[in-house]
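Residue numbers (the working numbering), protein chains in the order written: chain A, 3 to 287; chain B, 55 to 375.
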Amino acid sequence: MTAIAVVAPMVTRRKKRVPMGIMLCFGFVLVVVLAAFVGPHFLTRTANTPDPFNLGATPTAGHWLGTDELGRDVFARLVIGAYSALIGPFIIALSGLIVSGFVGIAAGYLGGLTDMVTMRVVDFMIALPGLLLTIVLVTVVQGGYWVAVLVLSVLNVQGDIRLVRGATLAQRSLAYVEAARVVGISRFSIMYRHIARNVITILLANCAIDFAGALVALAGLSFLGLGAPPGTPDWGLMLTAGQQILFENPFASLAPGLAVVLLAVSVNLIGDWLYEWQSRVASGR
Amino acid sequence: MRRAQGLRAYAVRRLLLLVPLVFLISIVVFLLVHMVPGGPVAALIGEHATNTATIDAIRARYHLNASLPSQYGAWVTQVVHGNLGTSIFTSQSVASEIRQRLPVSVVLNAIGLALALLIGVPLGSLAAARRGGRLDRMAVGLAIFLSSTPNFVMAIALLYLLCIRVTIFPLGGLGSGFVDEAFHLILPGIVMCIGPLGFVTKITRASMLEQREADYVAFARARGISRHRIYRGYVLRNALIPLLTASGLIIVSALTATVFVEDVFGIPGLGGLLVTSIENTDIPVIQGLVLLIAIWVVLVNVAVDLCYVSIDPRVTFRGMR
């Protein structure tokens with residue numbers, strides 16, 4: 003008996019490590035997520051307890067970021083506000099992911115009338131001034147945060163659909179799709195099992211960028227008093243309120259502002275990095 | 055010759071398409087009053103609609119007892135004659151409020167867009183020319199930072215740094231006299247440009263990189279044309295086409311920025327007017343502004359498309375060979 007040694011070819015794969023900057027971005031996002039979900043349990047003071055002797059005070063050991071115009075602790079409000087900063091953009095990005103996944107792949111794969119109608123609607127929506135439209139609708143309907151989330155979810159979807167459709171068109175002519183068709187796999191299965199797997203990365207990258215856009219848009223709506231109800235610890239609301247005591251305690255508005263910027267930059271960078279990673283994988287390097 | 059004809063036919067078609075679009079917009083704007091919880095009466099006189107005589111007067115004045123189409127007819131006739139109704143809050147006519155505040159906003163938008171183009175295009179092309187270099191990485195980083203910084207955050211930060219910490223610029227408002235007004239508009243103008251600037255830089259860089267690889271560049275190099283001339287004469291001109299197609303989005307983003315910038319700096323423009331009318335739920339003013347903004351956006355999009363097809367000779371029209 004001869005033992006046949008099968009020597010697997012040594013796959014030398016250079017380890018693609020996540021760059022330092024992207025690690026920092028993930029780190030910051032993690033910090034915000036932790037702040038939103040476990041942070042409130044560790045706070046020594048609540049977000050709505052006023053300290054009447056310290057209105058608009060500068061940072062001290064007791065109040066790390068000082069107090070706001072009603073003497074409430076800015077740091078505590080910042081930590082608790084992380085939740086409403088995350089939840090709305092998350093819903094908007096997720097709904098974009100789901101809707102554009104279904105519609106975009108269908109438009110790209112089926113072509114014909116489905117494609118034409120979809121792209122007409124998408125082209126129309128791209129020309130709409132999304133944030134301005136949201137501002138007007140939320141004002142007129144007097145809806146608040148959740149109406150804003152709903153409207154932004156709808157007005158965010160056009161870019162995703164266009165992207166997924168493009169990616170699907172590129173996949174459609176590849177050998178595996180043809181092979182699947184020849185074998186007799188159903189259209190539904192080709193679209194939502196096989197093609198979906200190949201376009202999901204680029205879609206995720208785009209959703210990260212959607213998330214950042216939604217974060218900025220929702221903060222803007224809250225800033226105008228159209229998002230979170232007055233009195234809730236929300237970064238956009240804190241910015242408006244803090245603007246009035248810019249002389250006394252600048253951190254009351256600068257800290258939430260910086261939080262929005264850092265979160266948006268981090269998520270945007272993560273999205274860009276995912277794009278690049280995807281195109282490297284696609285080009286087989 | 056054929057192309058000029060095709061172009062004219064296309065322009066006429068696009069302009070004719072404006073008619074149904076404006077009609078659609080006017081219907082939506084008209085219906086805004088009916089979308090307010092509590093109905094049109096609440097929208098038109100605020101929330102204190104308790105006096106039946108007042109309510110009846112309002113219903114009669116705005117033809118609210120008539121059918122919806124005839125209400126629309128009456129409203130459109132007024133609008134076409136330049137009467138956009140009166141503000142609930144100030145009792146002034148909406149048209150005159152808008153007319154008073156329009157110039158500042160136009161100036162502010164122009165400053166923002168001009169700055170974005172003047173800085174963004176050179177920065178984007180330099181970054182592309184030195185791909186992977188330090189300048190390139192800085193430009194890319196700056197573009198990402200600027201496009202993810204909300205303009206109201208930037209406005210407040212600059213207000214704090216340059217008006218409170220170091221008192222270089224005035225705190226807000228508009229001042230009086232030309233020089234003073236111009237001085238008051240410097241900082242808001244800078245903030246106006248940040249969103250568009252990130253966008254312009256990103257697009258210019260990406261399309262320069264794409265054009266650089268084009269065959270005509272290699273050919274021009276082979277013919278011995280200097281690199282400088284290729285860039286200035288061919289690459290940049292081709293690279294600006296994506297910028298033109300995106301300019302609709304850029305102009306709209308500047309428009310959105312107006313609302314926040316004017317709010318933070320207390321500038322009495324259209325953005326400021328929108329914010330006050332939001333705070334007071336002043337529906338007639340909101341209707342007037344929405345009508346104005348919608349028509350502006352539509353016109354910008356048509357103008358961009360027309361510019362695009364007339365500049366790019368590769369665009370052909372149906373029926374033209």
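The C-beta atom is built at its ideal place from N, Cα and C for all residues, glycine as well.
Note that the structure is a prediction, hence the values are computed from the model and not measured.
How many Å lie between residue i and residue j at the Cα?
i, j, result
"B/A209", "A/Q173", "44 angstroms"
"B/V73", "A/N251", "53 angstroms"
"A/N270", "A/L256", "21 angstroms"
"B/A308", "B/R68", "24 angstroms"
"A/M127", "A/F249", "42 angstroms"
"B/G323", "A/F39", "41 angstroms"
"A/S268", "A/D75", "26 angstroms"
"B/G187", "B/A181", "8 angstroms"
"B/V83", "B/I347", "11 angstroms"
"B/V369", "B/V363", "6 angstroms"
"A/T141", "A/S281", "42 angstroms"
"B/V254", "B/A260", "10 angstroms"
"B/I109", "B/Q125", "17 angstroms"
"B/R375", "B/R286", "Low confidence applies to B/R375: its pLDDT is 41, below 50, so where it sits in the model is not reliable enough to give any reading."
"B/L383", "B/G302", "Only positions 55 to 375 of chain B appear in this structure, which leaves residue 383 of chain B out of reach."
"B/C217", "A/A266", "26 angstroms"
"A/L165", "A/S102", "9 angstroms"
"B/T140", "B/P338", "6 angstroms"
"A/L26", "B/G195", "15 angstroms"
"A/G259", "A/P91", "16 angstroms"
"A/A284", "A/E278", "10 angstroms"
"A/T170", "B/P242", "43 angstroms"
"B/M89", "B/V358", "33 angstroms"
For residue i, go through chain B and note every residue whose CB falls closer than 7 angstroms to its CB, in chain order.
i, result
"A/G222", "P204, F206 and F314"
"A/L271", "I198"
"A/V20", "The contacting residues do not exist; A/V20 stays about 17 angstroms from chain B at best."
Kindly indicate which residue of the options has the alpha-carbon position closest to the one of residue i.
i, options, result
"A/F28", "A/W279, A/M240 and A/G273", "A/G273"
"A/Q246", "A/A266, A/F225 and A/L260", "A/F225"
"B/L75", "B/M246, B/N355 and B/V160", "B/N355"
"A/A84", "A/L248, A/A108 and A/A221", "A/A221"
"B/Y288", "B/R266, B/L298, B/F206 and B/V306", "B/R266"
"A/A95", "A/F44, A/Q160 and A/A38", "A/Q160"
"B/S159", "B/V315, B/S331, B/Q341 and B/L360", "B/V315"
"B/N119", "B/V95, B/L360, B/V329 and B/L225", "B/V95"
"A/H43", "A/I82, A/D236, A/G259 and A/V33", "A/I82"
"B/A293", "B/R62, B/G249, B/D366 and B/G326", "B/D366"
"B/R155", "B/L345, B/I321 and B/L360", "B/I321"
"A/I93", "A/L152, A/T51 and A/P61", "A/L152"
"A/L72", "A/A243, A/V119 and A/W279", "A/A243"
"A/L196", "A/R183, A/A207, A/N208 and A/L206", "Correcting the residue identity first, residue 196 of chain A is His in this sequence and not Leu. Among A/R183, A/A207, A/N208 and A/L206, the Cα nearest to that of A/H196 belongs to A/R183."
State yes or no: is the C-beta of residue i within less than 8 angstroms of the C-beta of residue j?
i, j, result
"B/V152", "B/N334", "Note that residue 152 of chain B corresponds to Ile in the displayed sequence, not to Val. It is not a contact, given that the beta carbons lie outside the stated cut-off."
"A/V218", "B/S202", "yes"
"B/R251", "B/I173", "At residue 251 of chain B the sequence reads Leu, which differs from the Arg that was named. Yes. Within cutoff."
"B/M246", "B/A149", "no"
"A/R79", "A/M240", "yes"
"B/V161", "B/L239", "yes"
"A/L276", "A/A210", "yes"
"B/V306", "B/V351", "yes"
"A/V149", "A/V156", "no"
"A/Y147", "A/G229", "yes"
"A/W237", "A/V201", "no"
Quick one: list the residues of chain B neighbouring residue i, beta-carbon separation under 8 angstroms, in chain order.
i, result
"A/A214", "S202"
"A/D274", "I198"
"A/G227", "I332 and E333"
"A/F249", "I218"
"A/Q246", "Correct list: empty, because the minimum Cβ distance to chain B is about 11 angstroms."
"A/L241", "F206, V207 and I210"
Kindly list, in the order they appear in chain A, the residues whose Cβ is closer than 9 angstroms to that of residue i.
i, result
"B/I340", "V138, T141 and V142"
Under 8 angstroms between beta-carbons, which chain A residues line up against residue i? List them in chain order, please.
i, result
"B/I347", "P131 and L134"
"B/V90", "V142, V143 and Q144"
"B/V329", "L226"
Cβ closer than 7 angstroms: which chain A residues qualify as neighbours of residue i?
i, result
"B/M192", "The contacting residues do not exist; B/M192 stays about 14 angstroms from chain A at best."
"B/Y64", "The contacting residues do not exist; B/Y64 stays about 16 angstroms from chain A at best."
"B/A211", "L256 and G259"
Along chain B, in chain order, which residues have C-beta atoms closer than 9 angstroms to that of residue i?
i, result
"A/N158", "Residues of chain B passing the Cβ test: none, with the nearest at roughly 14 angstroms."
Q. Listed in chain order, which residues of the region 251–265 of chain A have Cβ atoms closer than 7 angstroms to some Cβ of chain B?
A. Using a CB distance below 7 angstroms, the part of the region 251–265 of chain A facing chain B consists of P252, S255, L256, G259, V262 and V263, ordered along the chain.
Scan the region 283–312 of chain B for residues whose Cβ lies nearer than 7 angstroms to a Cβ of chain A and list them as they occur along the chain. Shown in chain order are the members of the region 283–312 of chain B whose Cβ falls below 7 angstroms from a Cβ of chain A: G302, V306, L309 and T310.
When you check each C-beta in the region 99–129 of chain A against every C-beta of chain B, which residues fall closer than 7 angstroms? Residues passing the 7 angstroms Cβ filter: A129.
Just by C-beta distance, which residues in the region 192–219 of chain A are closer than 7 angstroms to chain B? Here the close residues are A214 and V218.
Practice item. Can you give me, in chain order, the residues of the region 155–178 of chain B that have a beta carbon less than 7 angstroms from any beta carbon in chain A? Key: The residues in question: there are none.
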